[in-house]
Each structure stands twice: as C-alpha cells, then as structure tokens.
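Worksheet: the structure to be examined is printed underneath.
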C-alpha cells in the first residue's frame, strides 16, 4: 500500500473465547496472540444456516491459495438450542467438510465482542491484531481476497507478516457404511437409495437397510456426469422417483439436479449450471441454462418435480416434458408469510412430501410444517416464525418443532415430521389439528420413508437407517419452548436511524450503468412494530429512518440489502461485477435510553468505529 493510500480504519480485535473450545486443532487451544503475523479471517457461522454453508464453500479456494499467510477460524455461534451442544458442533464440522479450526462459542461470547448481527459474518484481522474489514452475508470472498493481497504486500514490507503452516489438524476418518446421510428413497426393488451426503455419493442398500448393494459416485467433491464409478456429486440430498423409473437427485452444493438411471447407474445433469443463483439471475428458462441455489429436496407432484430451493427460500419446479425450470413460490425474503405463491415467504425449505391434495414441506428455519394446495396457495400447519421453536405437542397453533428437515406422508392422511434438532419423529394430523410425538432418542433425523407398517428413519448423526413400527399410541414428552439465544438489541422508541454500511472493495465502485445499484427492503414482525408502516417497503437508499411504536415493545426487524459493484477501470469495456447481499432478522426491544441508530455492516467498516 502506497503512502498516498487512504488510512485504513482499524479496531483492536477482541480475544477469541468460547466455552466449547477448539476443534480441528489436534486439541490445542489458541489465542489471538498465537496467530499474530497471520491474516486471520473469522467466519461467524451456525450449522443450520444455508448462507453460512454457502460461505464455507466460497472460502475453500481462498484458503488453498493463501494457505501460508491466511488462517480462517470458524466461530460457531448457535441460533437453535441443539446447536449449542458441543457434540452437534463436532458432527457439523465433519458433515460439511470444514477444513479450518473452529471455535465453539455456545454462549455467543465472541459474537457479542465483535458486535456481529447476522449469520454469516466475515471479519478480517490484520497481522498486527486489528480488525480491518467486516462483511455480512454471501458473495464477499472476491473482495476479501483483494484485501488479503494488499495486506500480504503491506505487512511483508513492514516485516510483520509470518508465513508457514496454519493450526488446522484434520480429524481421523470414521469407517462407517454411511456418513451423515441426508435423504432416502424406497426403490421399486424394495431396496433403499440413500444420499450419503458427506461422502458425496449415493448408496443403494438392500431391504435390510444395512447391506451395501452398490455405491454411485467417486466419493470426491465434483460436478462430472458419467458412469456409477466416475460420476461426482457435492453433498447430495433429496431423492425422488420419476414416472419413467429414473431418480432425480438434489445435488445441493453443485446447485443442480441430476438424473440417475437405476438400470445402468449412469448419471446426467437435468438442471443447473453448477453456479449459485444470485439476485438478478434468470428465474425461469431452459433447465441447464438457469442457476439454482442449494436445492435440498425434490418431490414429483402434479406432473412436475418440485424443488425445495433452500438457498433462496423458495419453491421451484422442473418440468420433465419441457426441460425447463421456474420459480413456483416465494419472494426470496426469509420468514413465514402465507398466501398466494408469489407473495409467500419461506425460510430454508428442506423437506417435501407429495399427496394428491397437498405438497407438504418442512420449512426448517421457521421450525414450521407448511403446505401448498393445488391452486398454489401456501398455508402453515405448525410454526410461528424465525425465532420460536421447541418440543411441544398438542394443538397445532401452539405446537413447536426445532429445525425440521424432513416430512413423510402417512397412509391415514397425517404426516410424520423429522424433527431434526429435537432428535424426534413427530406427527401432525390435519383431521384433528393435533401434533404428537411418535419417537424420541433419534439422532438428527433428516428424512423417513414408509415400508409396510414400518417407518424407516434416516438418523443422520448416527450414520444409519433406523426401522420403527408406527406406534398406535404417541410418545409422551415434556413440553419445552425456546427462543433464539441471541440477545435483542435495545433501541429507543420513536425514530430509529437504520444505516446499512457498504463500502465497495478496493478497485471497485458501485455499478450505476443500469440505474441504482443498491436496494433496501424493510419489514417487521409484528407489522405493527413499524408505526403506520413508516420506513417499510423497498427503496434504493441504504439509510432510512424508521418509526417504532412504543406500545408494541419488542419484535423483529427484517432487513434485506443488496449492492452491486464493478471494477473501476474506464478502459475495461466488460468490468467484472459482483453482487453483495444479506438478510438480517434483528430482534429489537424498545427501551427509553436505547440506541437511536442501528448500523448493519454489509461490507467494510462502520464509519463510527475508530482506531483503538
């Protein structure tokens, strides 16, 4: 960095603390002092969050390219109660192939020290121990890599850069038949097809649910079509049988749908480009030309393949006859809103089950069971929103799940819900409106399939299929209700200044070639929190004055922000452009003397921060 370059805002980085300790370090505990001389990237994540999983994948190339100067530290900061269990974090680190150290922070101590407000958030610390950048959401790795390159040159010249091996120590692989399986399907032969997610394969098991008949996939992350031994997947999940006898596979991290020929084991690609869908991308068209975003489950319903598009909080469809894909429901806003398909909000839909009358879906981040009617209207059977969850049976309007990932239609018209973070199998009966518990002591169940009078559950964190007899009497459990551990932000009643902080990466500027390059959308739960709707709706200014109703007391502000930036080179006719975007759900409590400004950092540093 030249002497004439503007002085970078720096804030002394707080210490890294977490009661769960360190993972992927060979049991060694680290402090920031141990990392001095390296460029440290803190990745604040939680394993329920699809955007966090996207960032894990975005970081892989940067980690490899700068492995002797950069240390990525995952700071696991739980939303759900289950995510505060140390064993669950250990499982998630292996499940998602996290190739860097992770600090388990179950009480959000480091999250609070760094004033983080969103999952995921990336914080860059320079070799002298100062925070120099913060980025919320996805799509920032290109900007961080540019900053890393600057920091390498700057601190190499100052003599403050220390190169060498990082603290990561890979865990020993476990010799199980399956490893964190995601979804299962009963084949016409009576065998099971299972997505062996962490091993990037499909596994066909015999009718006993244990004996391996064949494996499909090389076992390496990749996106190649071909024969059973040559094809590659990237964390496959959902499976659905098509009328022609083939199987459609939700190849989640490849952002694609694949087709498995059961007779030959050959795999081809049906939909997706391998690139993740971003705002302004096409929402319909020839299936192989349209980007998708983390398809998590698939179901054949009314002649089309319905897709739980977890990455953008929508439902899409694939038309096998036309070879096209299109959005079927959802706005991409994250939350729980019913009604016409084009107005509905979802939150990481992750499980689907089709009956003639309804398409059921497990909407994981709202801990909800929802359904689509044949006319396309969205309904909620169980669930209230992003921050309420637990294990409570009884009437549907007060029943609670905790991050369910699967739903299974039962013969009597009811549905079984794989209530993942409650380690339970639940049942909802539309005829009575009651929720009951069918089984407990399952470990992160993620799907279930019917076999005669039995139900076979994918026990993802026990790496197996578990056969249960459908009980006539529901299991009785103690009721428990939770809200997210994340503390509410205390704000003053009346006017609140909302500032979304965005600073274009070095060498880039806002892209104004086709009009405004920024977008801000604000709403609230309950809607009455925003007085007379003041401040609600869409606009292009990243700052806005909200008016909060003191009579409401508390609620959640839903904020979506987007900014597009391009290379700032007038000689380049086709500059590289990037979209930066993030959803925030900010719990707020109205108190006298509370803050009158709410800064949310999309990229850069809040200008109110100063050197410390």
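Numbering (this note's numbering), first residue to last: 2 to 613. For every residue, glycine included, the Cβ atom is placed at its ideal position computed from N, Cα and C.
Problem set entry | Cα-Cα separation, residue 523 to residue 561 | 7 Å
Exercise. In three-state DSSP terms, what is residue 510?
Worked result: Residue 510 falls in the strand class under three-state DSSP.
Exercise. Going by beta carbon distance, what residues of the same chain come within less than 6 Å of residue 462, once the five residues before and after it are set aside?
Worked result: 92, 444, 445
For this session: Look up residue 113 in the DSSP assignment and say whether it is helix, strand or coil.
Result: helix
Exercise. How many Å lie between residue 605 and residue 138 at the Cα?
Worked result: 12 Å
Exercise. Below 8 Å between beta carbons: does that hold for residue 526 and residue 589?
Worked result: no
Problem set entry | Pair within 8 Å by beta-carbon distance, residue 274 and residue 290 | yes
Exercise. Would you report the Cα separation of residue 259 and residue 327, rounded to the nearest angstrom?
Worked result: 17 Å
Exercise. Just the Cα atoms here: how many angstroms apart are residue 119 and residue 58?
Worked result: 18 Å
Problem set entry | residue 265 to residue 228 span [Cα, whole Å] | Rounded to whole angstroms, residue 265 to residue 228 spans 8 Å at the Cα level.
For this session: Using beta-carbon positions only, say whether residue 90 and residue 101 come within less than 8 Å of one another.
Result: no
Exercise. Are residue 447 and residue 66 close, meaning C-beta to C-beta below 8 Å?
Worked result: no
Exercise. Should residue 14 be labelled buried (16 or more other beta-carbon atoms within 10 Å of its own) or exposed?
Worked result: buried
Exercise. Given residue 548, which residues of its chain have a CB within under 8 Å of its CB, disregarding the five upstream and five downstream residues?
Worked result: Within the same chain, residue 548 has close Cβ partners 495, 496, 497, 531, 532, 533, 535, 536.
Problem set entry | Extent of the continuous alpha helix (DSSP H) to which residue 369 belongs | Element bounds for residue 369: not the alpha helix (DSSP H) but the beta strand (DSSP E), 369–373.
Exercise. Does the pairing of the segment 129–136 with the segment 102–111 give three or more beta-carbon distances under 8 Å?
Worked result: no
Exercise. From which residue to which residue does the alpha helix (DSSP H) around residue 628 run?
Worked result: No statement about residue 628 is possible, as the shown extent of the chain runs from 2 to 613 and does not include it.
Problem set entry | Beta-bridge pairing of residue 237 - partner residues as DSSP gives them | 252
For this session: Assuming residue 387 and residue 363 form a contact by the criterion Cβ under 8 Å, report the distance between their Cβ atoms to the nearest whole angstrom.
Result: Between residue 363 and residue 387 the Cβ distance is about 15 Å, and since that is not below 8 Å, they are no contact.
For this session: Would you please state the rounded distance, in angstroms, between the beta carbons of residue 406 and residue 369? I believe it to be under 8 Å.
Result: Going by Cβ atoms, the distance from residue 406 to residue 369 rounds to 12 Å, so no, they are not a contact pair.
Problem set entry | Neighbourhood of residue 22 by C-beta, 7 Å cutoff - its chain only, sequence neighbours within 5 removed | 30, 105
Exercise. How long is the line joining the alpha carbons of residue 292 and residue 280, rounded to whole angstroms?
Worked result: 11 Å
Exercise. In chain order, which alpha helix (DSSP H) runs of at least 4 residues are fully inside the segment 121–172?
Worked result: Taken in chain order, the unbroken stretches of alpha helix (DSSP H) that lie wholly in the segment 121–172 and span 4 residues or more are 142–159.
Problem set entry | Completely contained beta strand (DSSP E) runs for the segment 443–469, where each covers 3 or more residues | 446–452, 455–460
Exercise. Which partner residues does residue 563 have in the DSSP bridge list?
Worked result: 520, 582
Exercise. What is the DSSP secondary structure of residue 305, counted as helix, strand or coil?
Worked result: strand
Problem set entry | Exposure of residue 190, with buried meaning 16 or more beta-carbon neighbours within 10 Å | exposed
Exercise. So the alpha helix (DSSP H) residue 63 belongs to, where does it begin and stop?
Worked result: 51–66
Problem set entry | Cβ distance (whole Å) where residue 198 is taken to contact residue 238 below 8 Å | 6 Å
Exercise. DSSP beta-bridge partners for residue 330?
Worked result: 316
Exercise. When the Cα of residue 82 is compared with those of 204, 207, 482, which residue comes out closest?
Worked result: Out of 204, 207, 482, 482 has the C-alpha closest to the C-alpha of residue 82.
For this session: Quick one: using the 10 Å Cβ neighbour count with 16 as the cut-off for buried, is residue 305 buried or exposed?
Result: It counts as buried.
Problem set entry | Own chain partners of residue 127 with C-beta closer than 6 Å, once the 5 adjacent residues on each side are dropped | 133, 152
Problem set entry | Contact under 8 Å by Cβ, residue 73 with residue 84 | no
Problem set entry | contact_flag[the segment 551–560, the segment 300–315] where n(CB pairs < 8 Å) is 3 or more | For the pair of segments examined, the segment 551–560 was found not to touch the segment 300–315: the number of CB pairs separated by less than 8 Å stays below three.
Exercise. Should the segment 220–235 be regarded as contacting the segment 293–300, the criterion being three or more beta carbon pairs within less than 8 Å?
Worked result: no
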